[in-house]
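Chemist: Let me give you the structure first, and then I'll get to my questions.
Chains as they are written, first to last, in the working numbering: chain A, 1 to 441; chain B, 10001 to 11000.
Shown next, in the form of structure tokens:
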């Protein structure tokens, strides 16, 4: 074939591909998948169960959204079963993005796209779920990297609001809801004097610790009153704020305290102890200093992203990378988040952040557990997901290589509640568009 | 004969002056001429640090010293003051003061583009050359008293406001009319990098301040040609007039000392530098300035570090500085650098002498200490003929002390200024100690006064054992006597003390009035406290390290011959990846690549199971710079230079070495269209700013387009431009102005901004342009085409993939983020396949960080192109090695592993694109600047040294040292975008939490 003819053939070929991809998969036409109809069997891959176990040449079978069998080698399947050959590939539980404002913000520099920070100090009664935008362009870019669930968290003020967990393949927030109202978020005032250089904030920070403790005392007062209020079922006047925190007292909700410093964490522990709350520290930059205290008090930790700078000049250059290992060694249940809810678009790096922890003291399976099973435990969804085990939701990721290493992570299939989801996103589509422009194969 | 005549003439002038001095001021009284002639006799007179007259006399008349010596005749009209046992010193001279000058009032408000100052002055409010301290000076009796109390008699005072601050005046601390107090009207021209009260926008950064000062030198030169269009410019006129004076520059950091000196060198000025107190950390560089220094004694106070939750946030650098700051003057003495001392900067003036004593304990000689307070500053201002020592004809400014002036227990009694007595302390002037015979109502007692010369205690011996309580108030005395045995016995005496005989009256316990008299019966052997300061209890165990923080070197590492054996070499060259290969490093260069290399004496590093790559090069970085990374005040600030503000002690340099980075391109921020000149550095940790710079590179400049330039994140923006349409006009206008500038003759006013733009037109300077969307990329290309130059690099360039063909045709390089997007409108179409697509179109592509955290993982950022676009692994690694080197025009010297190139190398523990890879060793120029083994040892050392210093501070506090609350050592941070704080660090998170919880 003459070169020119080949070239024009190529052009036509790409044009066809483009037409196909645009009609089938343009962002606006990326449909959430319908409920799982046929059983699915994925076989031949290496199964990283998320609970620390690895099954070489394993299989996983799921039906009606639930995992029905996990094992080694072969298994029987019905004729209707869809079989996925994962030979040479790796299987993982769906990754869980803890403490994020995904779907609450689209473009951080554009105020009108932000729905995560309510006005006022005490807003336990605002619910992230109702503002969660399933059409955010960010969501699909996370799925492409194996993140299938997210913990949507409001921010700001002192009691920031109520969070929920969503699955990332839904028509609307109601469909997305995976665990509704799983926790109350306490944004703790900073307990360090002169933490901010003069001129950056309105008030002098010299007595910040005292001021902070005063504010925290107001929060204690709030919860003492809330407790009393919730003891009495009948009220002449409804108090939405007190109603919102009811679940903390019966442990259907967790108490997420956003703080970093040792002084703040021990205050958080003391606070949770007074009310018998299930405590989760979010941030915890200095949690490596007190892992035993955290474990003894059953405090879980959602660590600020390992890809952080060391807190102080003298800190070990790799301190944030190895914070996870310090918690693991002491037996603290922990996961990681990205920027404590301010790095929605960077959530797609969570698997790699876990990979970094594996380079600095964790085993790869421990690192995986931190962003799957442990995240599920912390969010109160470990009965449903977090590991590839019989009876749990079929939230499954298949990757060509190690999911925690960007060098090899290439997600080829993913299932949420057994539904095979579309792995395209706005960016892959733009990629295709410009491959077409430049005639790149 | 002529000689005799001259002599007589001299005498007659002298006499005339002496007896017939006139002035213009009317008198509301009869004339009251007083010559103020005093004779101080029997004193130890320290004329200067090398000349002492023992048992000497000093005659003072009309405010001047007439004679000093032994056995000189005392004028009959002299008031005689017996100074037996006392010492006389020249009063101190402090040449860094704003005594008697009120702070200036800010003119204008807001931050306008133009000066708010009315009058025929210069364009910038921070240039205040027309200000004269002598005109603004008002005697301030209260302040003068405070300064006299610490021994100061004369100061050089100037208004500490602005970058060019006008002139300083030498004044004494006498409280007479200003006319008599001013010794020298214009004694100095003063400068700083601080714009002070100026409300004008420009400059907002240190580099802007430097540029403004440099431009001002050029403008002043040009103004001498009396340019008609400029008219009268009083600021420039004064600037020129003041050039002959001693030039004093205030600095706030050791590195700024060097910056000031560099400006001076450029314009033939040797500044006297007012130091900051941390010069001891870099004394050899400080010496190389050849400047004389004025050093403060404001050593940092100990902090409350007894709570580990607070002390955790105090850096080792701050702890070390607390311990070592008293070494500063001694370090200058040791390095033979001329210096004066100042009380400026002390929060509590009373700590002047105690801090000076600390400095002496830390090794400063008393000779040098005295010189630094007298002769040296006088010489620096050319006023040694008037002050700075005690000799005939000089102003009679002197101290009378009880002993050597720096001795621990010496008392400063009097500070005479211009022949006027100012009492600092009365008690102890007359030493009352000795034995007295006391007679009360005919009953005799023996009274012994001993102990402290200023406040002696009394012992009374009578028939009985008696208790006595003595209180003296000037010349009045009270003595209460009680008996241990007879509790009813009580005598209360009241009287007056003459020299050796006291007398008065009193009352006994039963009310009876009695008379008493006491006369001195014998001297006790008394001598002044001449003990040298004790050096015990004062030990500085810390050491100066380079840089001055936990990760510094005690000894800077040197080049070694290193043979890395048996490793996988990622050459970033056409040779590709070489397995089981050796690389030899010699004299800082890559000497050989091959198998089974041998080199006698080489340090062998086993590279098996490891990977060697070229050092990572970050095309877009903002680390290692001081004093703001943005000069935002104007849309074109091409005159600013990052190279002026390099901070080689930024710990991010070390952190990035630990991530394999060896070179960083430090850019001006992105808040204006034409930002500042950039600086390529090598991460030579521990070096000084000049050694950090990449040797002989093609200079670059930062441009920016889009939202940051438009200031889209503010509710309003008064600065042109506010649209991409306006941005394009700013660019076109700038290059038209530069073109026209080039056509001007040699007499033109040299304009630093247009010089830099001309260099672009002449292809001597190259652009790296912050840009995002395709429209603006295209626009800049068109502007460049029109003016016939090439945009060397588009940086960030997240929509580069949309116009990669145009970029390729124009000849641009691209330096992009791997996967950032959706944080602002102009990046909603950013895709992680951008690098791949541009590369496919033939563009030379690099991955940059623009972020001190991400810079530590640039190899992994490059790997994302493998993930998202299936880029070839070696091509991916090239995006952080040879590609950025090539786009920075240093591809022939670094960025790949090739014989003859600089040995900028990283040994990785794993595949260099893997998340699991750690940089184990990082070499720059064949020098190991990062070694994971050494790093582990440093962690232990840091902990040990921190613990020692914290304990020492706690001990100091227990020992009574005043402390301040622990201050977290959070440093200033550089953000590319104006007002943006989105960096992954605790500091930013705390700030965010402080702000969000404070809103209530």
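Cβ atoms here follow ideal geometry from the backbone N, Cα and C, with glycine treated the same way.
Because the structure is a prediction, the values reported are computed rather than measured.
Taking a cut of 9 Å between CB atoms, which residues from the segment 178–202 of chain A lie near chain B?
Modeler: 187, 188, 189, 190, 191, 192, 193, 194, 195, 196, 197, 200, 201 and 202
Chemist: Does DSSP put residue 185 of chain A in a helix, in a strand, or in coil?
Modeler: The residue given as residue 185 of chain A occupies position 185 in the first chain. If DSSP states are grouped into helix, strand and coil, residue 185 of chain A belongs with the strands.
Chemist: So what's residue 10133 of chain B in DSSP terms, helix, strand or just coil?
Modeler: For the purposes of this step, residue 10133 of chain B is taken as the residue at position 133 of the second chain. For residue 10133 of chain B, the secondary structure class from DSSP, reduced to helix, strand or coil, is helix.
Chemist: What separation, rounded to the nearest whole angstrom, lies between the Cα atoms of residue 235 of chain A and residue 335 of chain A?
Modeler: Counting from one through the first chain, the residue named residue 235 of chain A turns up at place 235. Counting from one through the first chain, the residue named residue 335 of chain A turns up at place 335. Approximately 40 Å between the Cα atoms of the pair.
Chemist: Taking the C-alpha atoms as reference points, what is the distance between residue 10018 of chain B and residue 10059 of chain B?
Modeler: Working through the second chain from its first residue, we reach residue 10018 of chain B at position 18. Working through the second chain from its first residue, we reach residue 10059 of chain B at position 59. Here residue 10018 of chain B scores only 49 on pLDDT, less than 50, and its place in the model is too uncertain to base an answer on.
Chemist: With DSSP run on the structure shown, which of helix, strand or coil describes residue 10685 of chain B?
Modeler: As a working mapping, residue 10685 of chain B is identified with position 685 in the second chain. Three-state result, residue 10685 of chain B: coil.
Chemist: Applying a beta-carbon distance threshold of less than 8 Å, which residues of chain B neighbour residue 438 of chain A?
Modeler: Residue 438 of chain A sits at position 438 when you count from the first residue of the first chain. Those within 8 Å of residue 438 of chain A in chain B are 10804, 10805, 10837, 10840 and 10841.
Chemist: Do three or more CB pairs link the segment 10203–10223 of chain B to the segment 10153–10172 of chain B at distances below 8 Å?
Modeler: Of all C-beta pairs linking the segment 10203–10223 of chain B to the segment 10153–10172 of chain B, three or more are shorter than 8 Å, placing the two stretches in contact.
Chemist: Taking the straight line between their C-alpha atoms, what separation do you get for residue 10071 of chain B and residue 10056 of chain B?
Modeler: The count along the second chain starts at 1 and reaches residue 10071 of chain B at position 71. The count along the second chain starts at 1 and reaches residue 10056 of chain B at position 56. One C-alpha to the other measures close to 7 Å.
Chemist: Could you tell me which of B:10303, B:10264, B:10270 and B:10257 sits nearest to residue 10281 of chain B, measuring between CA atoms?
Modeler: For the purposes of this step, residue 10281 of chain B is taken as the residue at position 281 of the second chain. For residue 10281 of chain B, the nearest C-alpha among the options comes from B:10257.
Chemist: Consult DSSP for residue 10160 of chain B and reduce its assignment to one of helix, strand or coil.
Modeler: Taking the second chain and counting its residues from 1, the one referred to as residue 10160 of chain B is at position 160. DSSP places residue 10160 of chain B in coil when its eight states are reduced to three.
Chemist: When Cβ atoms are compared, which residues of the segment 72–105 of chain A fall closer than 8 Å to chain B?
Modeler: none
Chemist: Answer with buried or exposed for residue 10823 of chain B, where buried requires no fewer than 16 other C-beta atoms within 10 angstroms of its C-beta.
Modeler: Start at 1 with the first residue of the second chain, and residue 10823 of chain B comes out as number 823. Buried, because 16 or more other Cβ atoms sit within 10 Å of the Cβ of residue 10823 of chain B.
Chemist: Assuming residue 10632 of chain B and residue 10703 of chain B are in contact, meaning their beta carbons sit under 8 Å apart, how far apart are those beta carbons, in whole angstroms?
Modeler: The sequence position of residue 10632 of chain B within the second chain is 632, counting from 1. The sequence position of residue 10703 of chain B within the second chain is 703, counting from 1. At roughly 14 Å, the Cβ-Cβ gap does not stay under 8 Å, so residue 10632 of chain B and residue 10703 of chain B are not in contact.
Chemist: Are the C-beta of residue 427 of chain A and some C-beta of chain B separated by less than 8 Å?
Modeler: Translated into positions along the first chain, residue 427 of chain A becomes position 427. It does: the Cβ of residue 427 of chain A has a partner Cβ on chain B nearer than 8 Å.
Chemist: Using DSSP with H/G/I as helix, E/B as strand and the rest coil, what is residue 10247 of chain B?
Modeler: One-based indexing of the second chain puts residue 10247 of chain B at position 247. Strand.
Chemist: Hey, which unbroken runs of the beta strand (DSSP E) at 3 residues or more fall wholly within the segment 49–130 of chain A?
Modeler: 54–63, 66–72, 82–85, 90–93 and 95–100
Chemist: So, residue 10297 of chain B versus residue 10343 of chain B, is the Cβ gap smaller than 8 Å?
Modeler: One-based indexing of the second chain puts residue 10297 of chain B at position 297. One-based indexing of the second chain puts residue 10343 of chain B at position 343. Yes, the Cβ-Cβ distance between residue 10297 of chain B and residue 10343 of chain B is below 8 Å.
Chemist: Along the segment 10852–10874 of chain B, what residues have a CB closer than 9 Å to any CB found in chain A?
Modeler: Interface annotation for the segment 10852–10874 of chain B against chain A: 10852, 10853, 10854, 10856, 10857, 10860, 10861, 10863, 10864, 10866, 10867, 10868, 10869, 10870 and 10873, criterion Cβ-Cβ distance under 9 Å.
Chemist: Quick check on the DSSP output: what are the complete alpha helix (DSSP H) runs of length 4 or more inside the segment 228–253 of chain A, in order along the chain?
Modeler: Counting only runs of 4 or more, we get 240–244 and 246–249.
Chemist: Taking only beta carbons into account, state which residues of the segment 288–313 of chain A come closer than 9 Å to chain B, listed in chain order.
Modeler: 289, 304, 305, 307, 308, 309, 310, 311, 312 and 313
Chemist: Using a cut-off of 8 Å between C-beta atoms, extract the partners of residue 10425 of chain B located in chain A.
Modeler: Working through the second chain from its first residue, we reach residue 10425 of chain B at position 425. Those do not exist, as residue 10425 of chain B stays about 36 Å from chain A at its closest Cβ, beyond 8 Å.
Chemist: Specify the secondary structure class of residue 10234 of chain B as computed by DSSP and reduced to three states.
Modeler: Position 234 of the second chain, counted from the first residue, corresponds to residue 10234 of chain B. Three-state result, residue 10234 of chain B: helix.
Chemist: Run the CB neighbour count on residue 10707 of chain B, radius 10 Å, all protein chains shown included, and call it buried at 16 or more, exposed below.
Modeler: Position 707 of the second chain, counting from 1, holds the residue named residue 10707 of chain B. Classification for residue 10707 of chain B: buried.
Chemist: Strictly under 8 Å for the Cβ-Cβ distance: is residue 410 of chain A near chain B by that measure?
Modeler: Reading the first chain from its first residue, position 410 is the one you call residue 410 of chain A. So, interface residue.
Chemist: Which residue spans inside the segment 303–339 of chain A form an unbroken alpha helix (DSSP H) run of at least 4?
Modeler: 319–330
Chemist: Rounding to the nearest angstrom, what Cα-Cα distance links residue 196 of chain A and residue 10995 of chain B in this structure?
Modeler: What you label residue 196 of chain A is simply residue 196 of the first chain in a count that begins at 1. What you label residue 10995 of chain B is simply residue 995 of the second chain in a count that begins at 1. Straight-line measurement puts the Cα of residue 10995 of chain B at about 9 Å from the Cα of residue 196 of chain A.
Chemist: Hey, is residue 356 of chain A's beta-carbon within less than 8 Å of any beta-carbon in chain B?
Modeler: By one-based count along the first chain, residue 356 of chain A stands at place 356. Yes, contact with chain B.
Chemist: So, for residue 10883 of chain B: in the same chain, excluding its five sequence neighbours on each side, which residues have a beta-carbon less than 7 Å away from its beta-carbon?
Modeler: Against the second chain, residue 10883 of chain B aligns to sequence position 883. If we look at residue 10883 of chain B and ignore the five residues flanking it on each side, its Cβ neighbours are 10844, 10845 and 10846.
Chemist: Run through the DSSP bridge pairs and tell me what residue 10506 of chain B is partnered with.
Modeler: Walking along the second chain from the start, residue 10506 of chain B turns up at place 506. Paired residues: B:10493 and B:10514.
Chemist: How is residue 138 of chain A classed by DSSP in three states: helix, strand or coil?
Modeler: Position 138 of the first chain holds residue 138 of chain A. Looking at residue 138 of chain A - three-state DSSP - the assignment turns out to be helix.
Chemist: Quick check: is the beta carbon of residue 331 of chain A nearer than 8 Å to any beta carbon in chain B?
Modeler: Residue mapping note: residue 331 of chain A aligns to position 331 of the first chain, counting from 1. So no, residue 331 of chain A is outside the interface.
Chemist: Kindly give me the distance between the Cβ atoms of residue 10834 of chain B and residue 10816 of chain B, rounded to whole angstroms, as I take these residues to be in contact under 8 Å.
Modeler: Working through the second chain from its first residue, we reach residue 10834 of chain B at position 834. Working through the second chain from its first residue, we reach residue 10816 of chain B at position 816. Indeed they touch by this definition, with Cβ atoms about 6 Å apart.
Chemist: From B:10472, B:10497, B:10802 and B:10463, pick the residue whose C-alpha is nearest to that of residue 10483 of chain B; which is it?
Modeler: By one-based count along the second chain, residue 10483 of chain B stands at place 483. Here the closest residue by C-alpha is B:10463.
Chemist: Going by DSSP, which residues form a beta bridge with residue 10665 of chain B?
Modeler: The residue given as residue 10665 of chain B occupies position 665 in the second chain. Paired residues: B:10680.
Chemist: Using alpha carbons as the reference points, say which of B:10465, B:10957, B:10334 and B:10504 lies closest to residue 10486 of chain B.
Modeler: Mapped onto the second chain, residue 10486 of chain B falls at position 486. Answer by Cα proximity: B:10465.
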